[in-house]
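K.L.:
Reading the sequence shown from the start, the letters are residues 0 to 126 in numbering that gives the first Met the number 0. The structure is given below, and queries will be raised subsequently.
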Amino acid sequence: MSARNNARVWPLVKARFFWVVLFMIAFGHISSAQAALCFSDPQRAYAHLLAQEKLETQALTQMAVNINRASEAELTTLRGIGSSKAQAIILYRDMFGEFKTIDELANVKGIGAKTIDNNRARLQLQN
């Protein structure tokens, strides 16, 4: 990007960060102390937001998922499971009752052994 284009884009980036940070404060995602750091330097704010997002993503990907109780949102945190597969898991669970084994997930249309193996460490049958 040329210096001229950068000069035009940078004010837009700063304004956008202002609104993102303001929104995050309003909904309790960051504290006002963290926001003070963000407002002083947009580049630090961006780096901070990326680090927070990375931590949240790591936490989600390490959290165990009880396949007999999980909501669609919880199921979609598993690798290879999108909304439609999560709904299929819930439908199977509603029709046939609780899963007795983790490998029983393979009975759900669209779920194969590879998907089960990729998520086996995070899958649980009970709390």
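Ideal Cβ positions, reconstructed from N, Cα and C, are used throughout, including at glycine.
(1) Quick one: using the 10 Å Cβ neighbour count with 16 as the cut-off for buried, is Ala50 buried or exposed?
(2) Relative to the alpha-carbon of Arg121, which residue among Ala63, Thr100, Glu55 has its alpha-carbon at the smallest distance?
(3) Measuring CB to CB, does Glu71 end up less than 8 Å from Ile89?
(4) How big is the Cα-Cα spacing for Thr114 and Gln61?
(5) What span of residues does the alpha helix (DSSP H) with Ala72 cover, start to end?
(6) Which residues mark the beginning and the end of the alpha helix (DSSP H) in which Ala87 is found?
(7) Suppose contacts are defined by Cβ-Cβ distances below 8 Å. Is Arg43 in contact with Asn67 by that definition?
(8) Three Cβ pairs or more, each shorter than 8 Å: is that satisfied between the stretch 91 to 108 and the stretch 76 to 83?
(9) May I ask you to report which of helix, strand or coil DSSP gives Leu77?
(10) Identify the continuous alpha helix (DSSP H) that holds Ile115 and give its terminal residues.
P.N.:
Reading it off the structure:
(1) Residue 50 sits at position 51 when you count from the first residue of the sequence shown. Ala50 comes out exposed.
(2) For this step, residue 121 is matched to residue 122 along the sequence shown. The residue with the shortest Cα to Cα distance from Arg121 is Ala63.
(3) For this step, residue 71 is matched to residue 72 along the sequence shown. For this step, residue 89 is matched to residue 90 along the sequence shown. Closer than 8 Å, so yes.
(4) For the purposes of this step, residue 114 is taken as residue 115 along the sequence shown, with counting starting at 1. For the purposes of this step, residue 61 is taken as residue 62 along the sequence shown, with counting starting at 1. Cα to Cα, the separation comes out at about 16 Å.
(5) One-based indexing of the sequence shown puts residue 72 at position 73. From DSSP, the alpha helix (DSSP H) with Ala72 extends over 71 to 74.
(6) The residue labelled residue 87 in the question sits at position 88 within the sequence shown. Note, Ala87: alpha helix (DSSP H), 82 to 95.
(7) Your numbering for residue 43 matches position 44 in the sequence shown. Your numbering for residue 67 matches position 68 in the sequence shown. No, the pair does not count as a contact, with Cβ atoms beyond the cut-off.
(8) no
(9) Along the sequence shown, read from residue 1 onward, the residue named residue 77 stands at position 78. In this structure, Leu77 counts as coil in the three-state DSSP scheme.
(10) Here residue 115 corresponds to residue number 116 of the sequence shown, with the count starting at 1. From DSSP, the alpha helix (DSSP H) with Ile115 extends over 112 to 118.
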